[in-house]
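Below: the structure, in structure tokens.
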Ligand SMILES: [Zn+2]
Ligand SMILES: [Zn+2]
Ligand SMILES: [Zn+2]
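Given below as structure tokens:
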């Protein structure tokens, strides 16, 4: 079984495969669309087991969730926490799923339309409610690689659902930062950031009834933007249908703007939400008040170099204020 190891200096968890890839396998380039067959297009028998789907009136699938081809995390087994000398490890218990966003292989995410986007968001929501019932799962993330430099290997539009038995470091840092801010001010930092961005307006990109889109004050990537729900809510599990409809419109608009402005750039996005509170019900009293779910969209138009890797410090070659102006002004129409 694959395992996850805790790096003792920084507390970062890393997954280690039980069967190592050989050096030559890193350059073989064998992909799932080999021979013109795309596994995600399929509807015939023998295609991947369907975990969840949204179907139209005639029974054809619109969105479906299938297991990842090479899952790092598996749902069978126990956590098997172990200490080896100073090191900690556990079994890679969890879930890797692919959320297939459209039956059409060549439709990019920005063109699937708000209704289809709604089905994608609703499918993730349904999976989240289901996965959170497993007491071994601590965190669930929806994330996406779009275009090859972002890590996209399948071609067919899809996003990924990863459920892990630990809170990943990047999420933990956000949770700790939000908790610390709340301890001082007794206010949610994300609600405060939204108020400030609405007051200053120079980094605002889009205001909708339920969401605010802006370029963060100190982003990591040029043209990075965040989508924050106006209603304070720590977990995506509590989102309502009206908010999901609005989010679908908002994301469709923003992805079209991104394509037009940066000539179809590769990008990643992540949905950050509160960890599951089922395993440790009384562990974190202020979580409901101090954290606020959100989406971060990171265009990958500038490579990460030695300085970023070595320091964790980034250089913004376009300021967030200018990026917001460009994103605001560019049309999302066809
Ligand atoms: Zn396909
Ligand atoms: Zn808030
Ligand atoms: Zn975040």
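Numbering (the working numbering), first residue to last: 7 to 340. Ideal Cβ placement from N, Cα and C applies to all residues, glycine included. Since we're looking at a predicted model, the values are computed, not measured.
Through-space distance from residue j to residue i, alpha-carbon basis
i           : j           : result
residue 126 : residue 105 : 7 angstroms
residue 190 : residue 292 : 12 angstroms
residue 115 : residue 69  : 12 angstroms
residue 80  : residue 169 : 9 angstroms
residue 38  : residue 64  : In this prediction, residue 38 has a pLDDT of 49, which is less than 50 and means its spatial position is unreliable; nothing more can be read from the coordinates.
residue 12  : residue 94  : 6 angstroms
residue 177 : residue 267 : 29 angstroms
residue 253 : residue 29  : 42 angstroms
residue 197 : residue 212 : 16 angstroms
residue 258 : residue 122 : 10 angstroms
residue 224 : residue 203 : 13 angstroms
residue 32  : residue 154 : 15 angstroms
residue 352 : residue 54  : This structure does not reach residue 352, given that the chain is present from 7 up to 340, and the question cannot be answered.
Run of the beta strand (DSSP E) containing residue i, from where it starts to where it stops
i           : result
residue 258 : Taken as a continuous stretch (DSSP letters only), residue 258 belongs to no beta strand (DSSP E), being part of the alpha helix (DSSP H) at 247 to 268.
Cβ-Cβ separation, residue j to residue i (assumed contact under 8 angstroms), whole Å
i           : j           : result
residue 100 : residue 171 : 6 angstroms
residue 92  : residue 14  : 6 angstroms
residue 329 : residue 240 : About 28 angstroms separates the two Cβ atoms, so there is no contact after all.
Residue i CB to nearest heavy atom of ligand 2 below 7 angstroms
i           : result
residue 217 : no
residue 196 : yes
residue 238 : yes
residue 278 : no
Paired residues, beta bridge with residue i - DSSP
i           : result
residue 94  : 12, 89
residue 129 : DSSP, once it has assigned bridges, lists no residue as partnering residue 129.
residue 169 : 101, 146
residue 31  : Per DSSP, none; premise fails for residue 31.
residue 188 : None, per the DSSP bridge assignment.
residue 228 : Bridge partners of residue 228: none, in fact.
Residue span of the alpha helix (DSSP H) that contains residue i, given as start and end
i           : result
residue 197 : 195 to 206
Check: residue i C-beta below 7 angstroms from any heavy atom of ligand 1
i           : result
residue 105 : no
residue 221 : no
residue 152 : no
heavy atom of ligand 3 below 7 angstroms from residue i C-beta
i           : result
residue 230 : no
residue 203 : no
residue 300 : yes
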